[in-house]
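**Student:** Counting in numbering that gives the first Met the number 0, the sequence shown runs from 0 upward without gaps.
We put the beta carbon where it would ideally sit given N, CA and C, even for glycine.
Structure below; questions to follow.
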Amino acid sequence: MDTSSLVVDKAQQLAAAGRHAEVVSYLGARKGTELADSPSLALLYGTAQARLGRHEEGLRWVDLALDQAHKRDEQAVERHALNARGAIALVSGRIDEAADYFTRALMAASRDGDLATTARCSNNLGIISHLRGRHAEAIGSWEIAVAAFGRAEMQQGVAECHHNLAITYREQGALDRALAEADQAVATAEAAGDRTLWAQALRGRAEIRVVSGELELARRELDRVAEIRRGLVNPVVEAEDLRAVASLLVAEGDLAAGERALREVIGRAESHGRPYLLAEATRDLVKVAATRTRRRRPARPGPSSPSSAPSRRFASSPAWSGATSSRPSCAARWRHCTRRRNWPTRGATPSCSRIWASVRRPRSSSRRCWPC
């Protein structure tokens, strides 16, 4: 076996264990020409960089791997590079571009009988279907991916799909089914030896427990996640973990601590270019602000009161003065909250439908497995 093959095997072992920072360190110590001349090494290096939130650097190396693999007719590497290219586009918020790359990779994999790439692309297309609100289509894609991963004997992929299914069922309110899928994700990820994936599956199960009101069990799960993360440097997943901790703090009634945690998550999401995590954390912050506002409102007057409660309550606030209606619009309330909380307004005030869609119908991939 030549030196390049040994290096590829070592890097693949580190990546399979979820030790992406070590992949970057190991391959980064090689000569630049060695990486540039090997599509496999360039792909491993670029994927690891992207998983650590360094999307521009990751994209540069993945594009190089894709170009070199195409020129050398290394079809297996080219398929993997197409899928990785789509994964970077997906986590960067470019859904249509991601879908195009995944579809191209899936067509090539189906033609060549590549079960592993077929499974990865089906998993990733399931994430896109979920983001578009096509839940049944997403579940179907993940079930196909589970079967393909199983036939390819890739237990990490099986765990990722169960984790994604758990999130979808949780968001639909099917908590028992969600917990069953999360249990499978945790057990399979632990057996596969991927500590990063194991921690992510545990975090997903903790979020289900928060929704179910099992707060003590949720805290234990998140404590285990923190223990596993020690020694695994990955600022992106640390921000996602912090968002889960914030949801627990809010559920426990510590709104101030939850708000501080969410503001930190927002800052990290912006710095690492993770639009879905940013959207989720911002939505959660809006919900926390709404809860605090409700707690500060005076009690509604009794039936004998001649005036209506909404008219009196909002008339006392300068934000509502001059309104033509006794009840302010969603947009007016949004502006009021952003001024009181010093939130960045980021341009025009969103419409009513956009505000309530962000608060009531979360559809996000930031807590999902990084596209495989």
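(1) What residue range does the alpha helix (DSSP H) around L248 cover?
(2) Taking the C-alpha atoms as reference points, what is the distance between A86 and R295?
(3) In whole angstroms, what is the alpha-carbon distance linking V210 and V244?
(4) Comparing C-alpha positions only, which one of D175, E136, A190 sits nearest to G156?
(5) Just reading off the alpha helix (DSSP H) that M106 is part of, what are its end residues?
(6) Would you kindly work out how many angstroms separate the C-alpha atoms of P327 and T290, rounded to a whole number?
(7) Should T167 be labelled buried (16 or more other beta-carbon atoms within 10 Å of its own) or exposed?
(8) If we count Cβ pairs, one from each stretch, closer than 8 Å, do we get three or more for the region 15 to 23 versus the region 191 to 201?
(9) For a test of the three-state rule: what should DSSP assign to P370, helix, strand or coil?
(10) Taking the alpha carbon of H79 as the point to measure from, which residue in A35, E170, R131, S39 has its own alpha carbon closest?
(11) Does DSSP put R78 in a helix, in a strand, or in coil?
(12) To the nearest angstrom, how far is the alpha carbon of D222 from that of V287?
(13) Would you identify the three-state DSSP class for L42, choosing helix, strand or coil?
(14) In terms of residue numbering, what span does the alpha helix (DSSP H) encompassing D175 cover?
(15) Using the rule of at least 16 other Cβ atoms within 10 Å of the residue's Cβ for burial, across every protein chain shown, is D72 buried or exposed?
(16) Which term fits E226, buried or exposed, when burial requires 16 or more other beta carbons within 10 angstroms of its beta carbon?
(17) Can you name the start and end residues of the alpha helix (DSSP H) that K286 belongs to?
(18) State the DSSP-derived secondary structure class of L114, mapped to helix, strand or coil.
(19) Nearest to R262 by alpha carbon, out of G272, R282, G252, A250?
(20) State the DSSP-derived secondary structure class of S3, mapped to helix, strand or coil.
(21) Give me, in chain order, the residues of the same chain whose beta-carbon lies closer than 7 Å to that of A137; leave out the 5 immediate sequence neighbours on both sides.
(22) Could you check how far apart the C-beta atoms of A238 and L276 are, in whole angstroms? I think they sit under 8 Å.
(23) Taking all protein chains shown into account, decide if T116 is buried (16 or more other Cβ within 10 angstroms of its Cβ) or exposed.
(24) Are there 16 or more other CB atoms within 10 angstroms of the CB of G257, so buried, or fewer, so exposed?
(25) Compare the beta carbon distance of E220 and R242 with 8 Å and say whether it is the shorter of the two.
(26) Grab me the residues of A107's own chain with a C-beta within less than 6 Å of its C-beta, minus the 5 sequence neighbours each way, in chain order.
(27) List the whole-angstrom C-beta distance separating W60 from Q48, where the pair is believed to meet the contact cut-off of C-beta under 8 Å.
(28) Which of the three DSSP states is assigned to R338 in this structure?
(29) Pick from L114, N123, R131, D175: whose alpha carbon is nearest that of R150?
(30) Please check the pair V235 and G52, which I expect to be a contact at CB under 8 Å, by giving their CB distance rounded to whole angstroms.
(31) Which residue's Cα is closest to the Cα of Q154: I94, V185, R29?
**Tutor:** Looking at the atomic coordinates:
(1) 234 to 250
(2) 44 Å
(3) 13 Å
(4) A190
(5) 94 to 111
(6) For P327, the predicted structure reports a pLDDT of 45, less than 50, and the residue's modelled location is therefore unreliable. The matter cannot be settled from this model.
(7) buried
(8) yes
(9) coil
(10) S39
(11) helix
(12) 23 Å
(13) helix
(14) 174 to 191
(15) exposed
(16) exposed
(17) 274 to 295
(18) helix
(19) R282
(20) helix
(21) G125, S128, H129, T167
(22) 6 Å
(23) buried
(24) buried
(25) no
(26) R78
(27) 7 Å
(28) With a pLDDT of 47 at R338, under the threshold of 50, the modelled position of that residue is not reliable, and the figure given next carries that caveat. R338: helix per DSSP, three-state reduction.
(29) L114
(30) 4 Å
(31) V185
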